[in-house]
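Input: a single structure, listed below in structure tokens.
Residue numbers (the numbering used here), protein chains in the order written: chain A, 1 to 302; chain B, 303 to 554; chain C, 555 to 923.
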């Protein structure tokens with residue numbers, strides 16, 4: 001009996017990790033933008049939604065191969081992210097942080113309703129046919145108990161690992177990556193050093209949008225695609241804060257923790273707690289340790 | 303008895319000793335200057351006195367009272383006011399409003415009477431305004447009364463910040479690099495004002511300054527810091543001739 | 555161009571700075587008090603709605619515009635005010651030491667709704683005092699989501715998603731919660747709230763709030779108790795928003811948690827930003843914008859081709875677009891533009907554009923080093 005409870009728990013954790021990976025990817029997008037430009041992007045979820053819709057267009061409407069369609073969606077979103085920065089963010093560069101946040105909120109509104117107006121997308125829900133089955137694979141021999149993971153969940157986890165590794169390599173080993181880190185630390189000094197800060201910011205937005213698109217495509221089999229799917233992006237706030245907001249590994253760990261806590265709360269606690277668990281954790285973190293798990297404690301210098 | 307006394311003051315930031323075993327005393331009516339190379343811990347001492355940082359060790363007394371652990375907002379009403387190295391004014395407010403904030407530690411009106419703006423609040427406001435006008439007269443800020451800080455040139459902001467500190471009616475005023483960013487005439491004005499603050503208003507001055515001309519013109523006592531430690535302590539002339547000080551500034 | 559010769563310190567304290575104020579605001583008062591006698595019921599209802607939004611806007615403006623604490627969760631205080639009002643004036647509240655459940659009269663219930671919201675403001679305000687900027691916004695956002703869930707799950711009090719009917723108010727035989735009577739009630743509350751806010755802003759606490767907005771560290775050195783002032787700002791802001799919520803409950807007549815979601819919080823913030831951050835005028839202009847936009851679009855629809863007019867989701871799109879455009883081109887919102895237009899006519903014909911020219915700014919890091 002005790003084993004059954006244990007396996008039930010582990011099974012929930014696996015589900016939690018899978019959804020946590022999605023949160024992690026969205027939080028990663030936030031953190032990338034925040035680290036470089038100090039903008040908190042409230043439209044990250046909308047970027048994810050747009051990415052998912054693009055993938056749906058390529059794969060289900062145009063009938064492309066899944067991998068080609070997903071890749072094309074990610075690339076398209078990279079350019080879209082670039083463009084969003086140029087059109088919406090560049091004119092407000094240098095204004096107070098709060099104004100810029102409001103711009104992203106405004107963009108979120110526009111993206112949501114624009115997606116609803118595109119013919120073929122509309123306000124209904126859609127599904128993408130994926131090569132992954134939702135059937136479970138046994139992780140353990142039958143004699144020990146039942147612990148399964150679906151291909152869908154596995155694909156999410158594997159893709160998250162690949163993305164994180166790729167981003168890590170990018171930021172530490174490429175010229176552009178180092179330039180991005182530099183401009184995130186001191187904008188003016190980077191200008192002086194000849195880094196084209198504005199283009200770097202656009203690149204960051206592009207990468208962030210691409211990561212968001214990947215998250216959207218991975219999430220599609222689990223929640224289906226609709227215009228309000230972007231609200232999942234709001235769940236990535238707790239993840240990002242938990243990880244310390246400026247820390248890329250922190251965002252990933254934070255996402256996983258939030259995913260697991262949410263799944264467990266949904267199972268063990270009365271209804272209603274699943275929706276708020278992530279935010280309760282967020283509030284506790286902010287009160288107890290505002291710098292998050294991986295952030296550094298800071299104070300203003302005078 | 304001295305007005306302010308720091309005994310064995312020390313503060314660590316994650317293993318770095320920013321200030322280490324500093325002792326000094328400021329007499330009533332003096333102008334006391336702290337000098338030292340960049341990163342010597344001068345501003346850190348200011349931040350310790352205005353209680354923005356907690357000291358790791360040591361004790362500070364002001365007018366006989368131990369102020370090592372008083373909350374930072376209580377410092378102003380005890381009679382210590384300060385300016386900042388990189389001007390910290392209220393950018394979106396007028397000069398008048400900035401100066402009135404300097405009167406905050408003297409305001410005793412309650413929230414509910416303020417919401418209704420009862421006659422006592424109005425009377426208190428008029429009284430504050432009179433005090434503020436004295437400072438405006440003292441510093442010749444009449445022209446700028448209603449201008450917003452963000453529209454003012456750097457030199458004027460520096461004066462406004464000095465004025466805001468004066469509005470608290472302090473016994474001790476801390477000036478963090480009063481002449482930085484000022485041109486020659488403005489620095490000269492600043493020197494006159496510091497002298498007036500000391501002589502006419504009877505306020506004790508503690509300042510951090512790099513301009514040695516200004517330092518020797520107005521200060522009575524100089525403390526030299528290097529790497530958080532005391533290097534020399536004495537009158538401006540003594541300090542300037544101290545071999546240790548020359549070594550710290552010019553190298554060997 | 556008017557030149558003011560100041561002969562008395564009181565001239566800087568007075569709300570009416572010169573005789574022009576009596577004329578312009580006097581006429582405005584006559585118009586708003588005369589409106590119910592001239593307009594149809596529908597417009598009276600809309601204007602009542604406008605006043606309620608404006609009250610909430612002033613509440614948020616005190617916090618976001620004057621204290622610099624951005625709240626993304628004001629719908630929670632709005633909701634707490636609304637539900638408190640509905641429960642207190644509803645079927646009666648069982649109180650200790652009293653045999654029968656008590657039904658509160660609106661004299662008590664509306665202030666109590668504000669007090670409850672203010673208490674909620676302190677409850678969220680105190681723990682997050684150390685937070686600034688975006689962290690604070692996210693904390694209030696999380697708080698609002700938790701409150702939304704409480705409103706929908708605490709069925710014994712709020713009746714959950716089935717909704718709660720709000721009983722009408724009576725003063726003698728006159729129904730207060732409808733028509734012109736309700737119009738005057740909301741207008742009265744709005745005027746009192748505006749007056750109190752203006753009073754606050756010209757006294758030490760209000761100046762301390764603005765000081766905190768511009769530089770916490772020097773405010774503290776000038777003797778401003780950061781914790782106390784921020785808590786006061788939170789409580790006042792939440793209380794005023796709760797007051798608006800209480801009136802809103804009667805306006806709706808039926809409460810459901812869906813009226814108090816995150817989107818509502820964001821709409822309030824948009825109201826403040828589009829109206830003009832950092833001015834009480836801005837809150838009023840913002841409320842007009844938020845209410846007039848759907849109306850304007852509805853009128854515009856008649857003139858547009860059917861394909862565009864019939865597209866669902868046009869309204870949020872325009873809403874978002876205007877928000878973005880305002881921030882890019884007019885950071886001080888409608889009120890900022892109003893000032894420029896006024897200035898243009900005052901200075902005519904020697905107006906120069908450079909008066910309001912913004913300096914090119916590099917990003918000032920709000921990240922603490």
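Backbone N, C-alpha and C fix where the C-beta goes; we use that ideal spot for every residue, glycine too.
So which residues on chain B does residue i lean against when the C-beta distance must stay under 9 angstroms?
| i | result |
| --- | --- |
| residue 786 of chain C | 413 |
Which same chain residues, not among the five before or five after residue i, have their C-beta less than 6 angstroms away from its C-beta?
| i | result |
| --- | --- |
| residue 9 of chain A | none |
| residue 215 of chain A | 22, 25, 26, 48 |
| residue 530 of chain B | 319, 320, 321, 322, 343 |
Where does residue i land, buried or exposed, given buried means 16+ other C-beta within 10 angstroms?
| i | result |
| --- | --- |
| residue 705 of chain C | buried |
| residue 445 of chain B | exposed |
| residue 55 of chain A | buried |
| residue 353 of chain B | buried |
| residue 375 of chain B | buried |
| residue 886 of chain C | buried |
| residue 310 of chain B | exposed |
| residue 889 of chain C | buried |
| residue 451 of chain B | buried |
| residue 728 of chain C | exposed |
| residue 193 of chain A | exposed |
| residue 843 of chain C | buried |
| residue 284 of chain A | exposed |
| residue 173 of chain A | exposed |
| residue 682 of chain C | buried |
| residue 161 of chain A | exposed |
| residue 85 of chain A | buried |
| residue 34 of chain A | buried |
| residue 175 of chain A | exposed |
Just the C-alpha distance for residue i and residue j, rounded to the nearest angstrom, thanks.
| i | j | result |
| --- | --- | --- |
| residue 65 of chain A | residue 154 of chain A | 20 angstroms |
| residue 696 of chain C | residue 282 of chain A | 7 angstroms |
| residue 92 of chain A | residue 876 of chain C | 15 angstroms |
| residue 922 of chain C | residue 483 of chain B | Caution applies to residue 922 of chain C, whose pLDDT of 42 falls short of 50 and renders its modelled position unreliable; the value that the coordinates give is listed next. Residue 922 of chain C and residue 483 of chain B: Cα-Cα distance of roughly 24 angstroms. |
| residue 689 of chain C | residue 238 of chain A | 11 angstroms |
| residue 449 of chain B | residue 781 of chain C | 29 angstroms |
| residue 768 of chain C | residue 819 of chain C | 24 angstroms |
| residue 100 of chain A | residue 618 of chain C | 15 angstroms |
| residue 184 of chain A | residue 226 of chain A | 34 angstroms |
| residue 411 of chain B | residue 197 of chain A | 50 angstroms |
| residue 836 of chain C | residue 826 of chain C | 6 angstroms |
| residue 633 of chain C | residue 698 of chain C | 9 angstroms |
| residue 868 of chain C | residue 708 of chain C | 35 angstroms |
| residue 430 of chain B | residue 547 of chain B | 45 angstroms |
Can you list, in chain order, the residues of its chain with a C-beta nearer than 7 angstroms to that of residue i? Leave out the 5 residues immediately preceding and following it.
| i | result |
| --- | --- |
| residue 38 of chain A | 97 |
| residue 803 of chain C | 636, 639, 640, 720, 809 |
| residue 12 of chain A | 263, 264, 267 |
| residue 271 of chain A | none |
| residue 240 of chain A | 27, 30, 31, 251, 254 |
| residue 748 of chain C | 612, 834 |
What residues from chain B crowd round residue i, counting only those whose CB sits closer than 7 angstroms?
| i | result |
| --- | --- |
| residue 759 of chain C | 413, 416 |
So which residues on chain B does residue i lean against when the C-beta distance must stay under 8 angstroms?
| i | result |
| --- | --- |
| residue 778 of chain C | 375, 403, 406 |
| residue 818 of chain C | Neighbours of residue 818 of chain C on chain B: none; closest Cβ ~27 angstroms, over 8 angstroms. |
Can you list the residues of chain C that residue i reaches, using a CB-CB cut of under 7 angstroms?
| i | result |
| --- | --- |
| residue 386 of chain B | 772 |
| residue 99 of chain A | 881, 885 |
By the criterion of Cβ-Cβ separation under 8 angstroms, what are the contact partners of residue i in chain C?
| i | result |
| --- | --- |
| residue 445 of chain B | Simply none; closest approach about 14 angstroms. |
| residue 275 of chain A | 699, 703 |
| residue 419 of chain B | 753, 756, 757 |
Tell me, which residues are paired with residue i by DSSP?
| i | result |
| --- | --- |
| residue 394 of chain B | DSSP output for residue 394 of chain B lists no bridge partner at all. |
| residue 79 of chain A | DSSP output for residue 79 of chain A lists no bridge partner at all. |
| residue 509 of chain B | B:335, B:477 |
What does residue i touch in chain A if you count any residue whose Cβ is under 9 angstroms from its own?
| i | result |
| --- | --- |
| residue 875 of chain C | 106, 109, 110 |
Please list, in chain order, all residues of the same chain as residue i whose beta carbon is under 8 angstroms from its beta carbon, the five residues on each side excluded.
| i | result |
| --- | --- |
| residue 647 of chain C | 641, 655, 656, 657, 658 |
Could you name the residues of chain C that residue i contacts, counting a contact when the two beta carbons are closer than 9 angstroms?
| i | result |
| --- | --- |
| residue 394 of chain B | 764, 767, 768, 832 |
| residue 378 of chain B | 774, 775, 776, 777, 778 |
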